[in-house]
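In what follows, a single structure is set out as structure tokens and then discussed.
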Amino acid sequence: MSITHLPGDPPVPVTLRRSNRAKRMSLRVSKLDGRVTLTLPNRAPEAEGIAFLREKADWIRTHLDTRPEAEVVAIGGSVPFEGQQLSIVATARRGPHLTGTILEVPGDPARVGRHVAAFLKQAARDRLAAASDRYAAALGRPYGRISLRDTRSRWGSCSSRGDLMYSWRLIMAPPEVLDYVAAHEVAHLAEMNHSQAFWDTVARLCPGYAAPRQWLRRNGAMLHHVRFDN
625 MSITHLPGDP PVPVTLRRSN RAKRMSLRVS KLDGRVTLTL PNRAPEAEGI AFLREKADWI
685 RTHLDTRPEA EVVAIGGSVP FEGQQLSIVA TARRGPHLTG TILEVPGDPA RVGRHVAAFL
745 KQAARDRLAA ASDRYAAALG RPYGRISLRD TRSRWGSCSS RGDLMYSWRL IMAPPEVLDY
805 VAAHEVAHLA EMNHSQAFWD TVARLCPGYA APRQWLRRNG AMLHHVRFDN
């Protein structure tokens, strides 16, 4: 892969990617971070790719301009938690504390994002571990270990060794969405594929999984628009 730029104000960085499966050039603007990727067939001249990129300049900028702006957590703002909004307020406490829909965090503006993220990660670990334990017991299959990451391409995974990985941002979604993802990954302990047998297993573990799965498809990108880098 390499990086080029679409001329203009401002210039737009574009990742050039080669693929032996691609039969034609294609453009993608990520809903998560606005990253622009141009995929080229292996034998396509790069000059043709650049020309194609310039032809699509208006399309690219329209997609970038209509992306929702990132929401930076701050005192006086809010953050999604289990499908509802928590108001963020300053406190003299040493660490985050939740009371109803009020999240109290130490008032240092430079560390608010760090404190809120720490609260969410701990809550995510607790909820995901409990859900994984519950579904693994129902399935009769033990898992290895659980890890949390801030992943962009997937909400969870199950390794061949039975280790489970989840995005901690799932704690911001409604509880049934987090439960569905846990059921999905635990089901891979029995079926390391996405066959009908796999989906039958998911259905046994999490009846009515279609609705939370659809919620994640429609709204999952919003969870990545929340920033904790202040």
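Sequence positions in the sequence shown follow the working numbering and run 625 to 854.
Backbone N, C-alpha and C fix where the C-beta goes; we use that ideal spot for every residue, glycine too.
Alpha carbon of residue i to alpha carbon of residue j, nearest angstrom
i	j	result
glutamine 708	methionine 796	8 Å
arginine 735	methionine 789	27 Å
aspartate 803	tryptophan 792	13 Å
valine 801	leucine 662	32 Å
glutamine 746	serine 781	19 Å
glycine 673	arginine 652	13 Å
isoleucine 627	proline 634	16 Å
aspartate 732	proline 669	53 Å
aspartate 757	phenylalanine 676	50 Å
aspartate 824	aspartate 787	21 Å
alanine 753	serine 771	10 Å
phenylalanine 822	alanine 762	15 Å
arginine 749	alanine 671	48 Å
valine 636	alanine 681	10 Å
alanine 755	leucine 794	12 Å
leucine 727	tryptophan 839	25 Å
Reference residue i, options the options, closest by Cα
i	options	result
arginine 765	Ala814, Trp823, Ser650 and Arg659	Ala814
leucine 829	Ala807, Gly632 and Val660	Ala807
arginine 648	Ala835, Asn666, Thr639 and Arg659	Asn666
valine 703	Thr686, Ala716 and Leu722	Leu722
threonine 725	Leu710, Arg738, Arg718 and Arg769	Leu710
serine 783	Leu794, Arg769 and Arg773	Arg769
arginine 841	Gly632, Val805 and Gln820	Val805
Counted within 10 angstroms of its Cβ, other Cβ atoms place residue i as buried (16 or more) or exposed
i	result
glutamate 679	exposed
histidine 629	exposed
histidine 818	exposed
isoleucine 684	buried
arginine 751	buried
proline 836	buried
alanine 716	exposed
alanine 741	buried
Proximal residues to residue i (C-beta, below 7 Å), its chain only, five neighbours per side dropped
i	result
valine 826	Ala807, His808, Ala811 and Tyr833
arginine 778	none
threonine 775	Ser791
Own chain partners of residue i with C-beta closer than 8 Å, once the 5 adjacent residues on each side are dropped
i	result
alanine 760	Pro766, Tyr767, Val810 and Leu813
isoleucine 699	Ile712, Val713, Ala714, Val729, Gly731, Pro733 and Val736
serine 650	Leu662 and Thr663
arginine 738	Phe852
arginine 718	Pro730
arginine 785	Gly768
Own chain partners of residue i with C-beta closer than 6 Å, once the 5 adjacent residues on each side are dropped
i	result
serine 643	Thr663
lysine 655	Ala845
proline 799	Glu706
phenylalanine 743	Pro720
glycine 658	Leu688 and Arg691
Neighbour flag for residue i against chain C, beta carbons, 8 Å
i	result
glycine 737	The structure shown contains no chain C; it holds only a single protein chain.
Whole-number beta carbon distance between residue j and residue i, since they are thought to touch under 8 Å
i	j	result
arginine 641	methionine 625	5 Å
histidine 848	proline 692	The pair is not a contact, with the Cβ atoms about 10 Å apart (cut-off 8 Å).
threonine 639	valine 660	7 Å
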